[in-house]
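Data first, discussion second: the structure below is written as structure tokens.
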Amino acid sequence: MTVYERFLEGDIRALSRIVSFVENREVGYRELLARLYGRTGKSLRIGITGPPGAGKSSLVDLLAHSYLSQGKSVGVIAVDPTSPYTGGALLGDRVRLSSHASDGRFFFRSMATRGATGGLAGATDNVAIVYDAFGFDITLIETVGVGQVELDIINSCDVVVVVLVPESGDSVQTMKAGLMEIAHVFCINKADRPGAERIASELKYALDSRKASDNSWRPPIIMTVAIEKKGIDELLGAIDEYVRTAQEDGRLEGQRRERLKRKVFRILTNR
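Counting in our numbering, the sequence shown runs from 1 upward without gaps.
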């Protein structure tokens, strides 16, 4: 059997090889993506973003565990800054995700910028397409930081969770308008620390001050303490509620159409 045939049969090793093939943009990767695209459209993409040190990796780990416990399959894409010494992705505390490695319904890939941030959004989207075609029910995409590159990546997700911590200080005041606009759920992690209620109030005020739009969804503010596994059920509930609402009013389908348009534009302009 070819690697592609084994991929279609659900072989994790074949998945790993195809992810590397697509991520490295080897000759023929566009043609492969075109073949895979007809098998996509079922995986829910959940983006987790926020400043460094917010505990995003811990939340991703707990979300993955929860979805696996529900009988769902989970693929994780962690977008890391590049190590100037090795050219690889800085894993940080993501080693904890290896606890799921023995589960055949779980796959993890850490992606580095490799000094070329301009194409990173496209590369992440390509890997997410591979995950979707493989059959993962859930695709979790974690980014480090809240810059333009992260916004581009996270903008290709169905649901966006923005993670803050009490120590974020004035981050709510200086938060990029784009991030405020694309957030579907706000999560204040490490909520057992001083200042959690204050930042929640600041965030609520910022949301109240936004101009009214056709989008009737108001992002909920969920308090979590990941290290103690507190608030995870509430976070899952908020994500599920957004998905249900977005499916009912057609917003989710609209988001995916826009994502496809951006994908086509990116391909045409990068030739």
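C-beta: ideal position from N, C-alpha, C; glycine also.
- The straight-line gap separating the alpha-carbon atoms of Phe136 and Ala196 is approximately 35 Å.
- Residue pairing by DSSP places Met111 opposite Val79 in a beta bridge.
- Residue state for Val27 is assigned as coil, using DSSP reduced to three classes.
- When the beta-carbon positions are compared, Val163 and Ala191 stay at least 7 Å from each other.
- Residue state for Thr49 is assigned as strand, using DSSP reduced to three classes.
- Ile227 counts as exposed, since fewer than 16 other beta carbons sit within 10 angstroms of its beta carbon.
- With a beta-carbon spacing of about 6 Å, Ser168 and Ile199 fall inside the 8 Å limit used to define contacts.
- Residue state for Val159 is assigned as strand, using DSSP reduced to three classes.
- By the 16-neighbour rule on beta-carbons within 10 angstroms, Asn189 is buried.
- Going by C-alpha positions, Asp125 is about 24 Å away from Ala54.
- For Tyr29, the CB contacts under 7 Å within the same chain, skipping 5 residues up- and downstream, are Phe21 and Val22 in chain order.
- DSSP places Val165 in the coil class of the three-state scheme, outside both helix and strand.
- The continuous beta strand (DSSP E) containing Glu142 extends over residues Ile138 to Thr143.
- Under the criterion of beta carbons closer than 8 Å, Val160 and Leu120 do not qualify as touching, at roughly 17 Å.
- Relative to the Cα of Ile138, the nearest Cα in the group Leu151, Cys187 and Ile77 belongs to Ile77.
- Going by C-alpha positions, Arg35 is about 15 Å away from Leu260.
- If you look at Val185, you'll find it in the beta strand (DSSP E) that goes Val185 to Ile188.
- Residue pairing by DSSP puts Phe106 in a beta bridge opposite Val74.
- For Ile227, no alpha helix (DSSP H) encloses it, and the DSSP letter there is neither H nor E.
- Taking the Cα positions, Leu207 is about 10 Å away from Glu181.
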